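Notes follow once the structure below has been shown.
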Amino acid sequence: MNQQTEKLQGIQRYYTRTIQGEHGNNYYIEPRETCPMYILNSDDRFVVVTFDKNDNYVVVNNKRYYLNKYNSIKATDKISQRVAVLDLDELKKSKGYPYSSNFKHKYTSEFRSFDELKHLAMVQYERNGIPYIKQIAQYNKNTSTCSYIYEPSFGKVTDPIAAA
Numbered sequence: 473m474n475q476q477t478e479k480l481q482g483i484q485r486y487y488t489r490t491i492q493g494e495h496g497n498n499y500y501i502e503p504r505e506t507c508p509m510y511i512l513n514s515d516d517r518f519v520v521v522t523f524d525k526n527d528n529y530v531v532v533n534n535k536r537y538y539l540n541k542y543n544s545i546k547a548t549d550k551i552s553q554r555v556a557v558l559d560l561d562e563l564k565k566s567k568g569y570p571y572s573s574n575f576k577h578k579y580t581s582e583f584r585s586f587d588e589l590k591h592l593a594m595v596q597y598e599r600n601g602i603p604y605i606k607q608i609a610q611y612n613k614n615t616s617t618c619s620y621i622y623e624p625s626f627g628k629v630t631d632p633i634a635a636a
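Just so we're aligned, residue 473 is where the sequence shown starts under our numbering, counting upward by one.
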């Protein structure tokens, strides 16, 4: 790894956001070119999840784990159902806070355990290797609005994970 990559911490050492398009809102969240092979071949470490914009956390075993620059790379914040790539090793190191279902939002992601998340990671890895997300901005010239489509590596192009 080069010096710049060595200074990065958490998931940033392994994943990056590759921006495309003139407005910078089309991009891939994908492994870095410098990501070691043993990390790329880890089938239970990285997982793509959705979460509610108002939460900014996932719930595991009835505890909130906030998504931050060390344990996740998140897609746009312009819609209610957000998408992120999580590093489960880093998420486990994060502090968990008590969770009450009274605060549940429409897209709050809840998992019974880290084992359930690891299983989801393995299913995603089995589909197409290490997970990544492609964000595509679609402009509607008639209404002058922009919507976003997410294409995860493990899903079909015709079956996006979220659209708004």
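Think of the CB as a built atom: it goes at the ideal place given N, C-alpha and C, for glycine as much as any other residue.
Given the structure is predicted, the values throughout are model-derived calculations rather than measurements.
Would you list the one or two residues that DSSP bridges to GLN610?
Paired residues: SER619.
With a CB to CB cut of under 7 Å and the five nearest residues on each side skipped, what residues in its chain are close to SER581?
Only VAL521, THR522, PHE523, VAL530 and VAL531 meet the Cβ criterion.
Using a threshold of 8 Å, state whether the C-beta atoms of ASP559 and LYS525 are closer than that.
It is not a contact, given that the beta carbons lie outside the stated cut-off.
Taking the alpha carbon of GLU494 as the reference point, which residue from PHE626, ASN528, PRO624 and ILE608 has its own alpha carbon closest?
Per the Cα distances, ILE608.
For PHE626, does the three-state DSSP call read helix, strand or coil?
PHE626: coil per DSSP, three-state reduction.
Per DSSP, what are the beta-bridge partners of ASP515 in this structure?
Its beta-bridge partners do not exist; DSSP assigns none.
I'd like to check one pair, PRO603 with PHE626: are the Cβ atoms closer than 8 Å?
A contact, by the Cβ cut-off of 8 Å.
When you compare only the Cα positions, how much space is there between ASP516 and TYR569?
So the alpha carbons of these two residues sit roughly 24 Å apart.
From what residue to what residue does the beta strand (DSSP E) around LYS546 run?
Looking at the DSSP string, the run of the beta strand (DSSP E) that includes LYS546 is 544-546.
Would you tell me roughly how many angstroms separate the C-alpha atoms of GLN553 and MET594, rounded to the nearest one?
Roughly 23 Å between the two C-alpha positions.
For a test of the three-state rule: what should DSSP assign to ALA634, helix, strand or coil?
At ALA634, the pLDDT of 40 sits below 50, so the modelled position is not reliable; the number obtained from the coordinates is stated separately. Three-state result, ALA634: strand.
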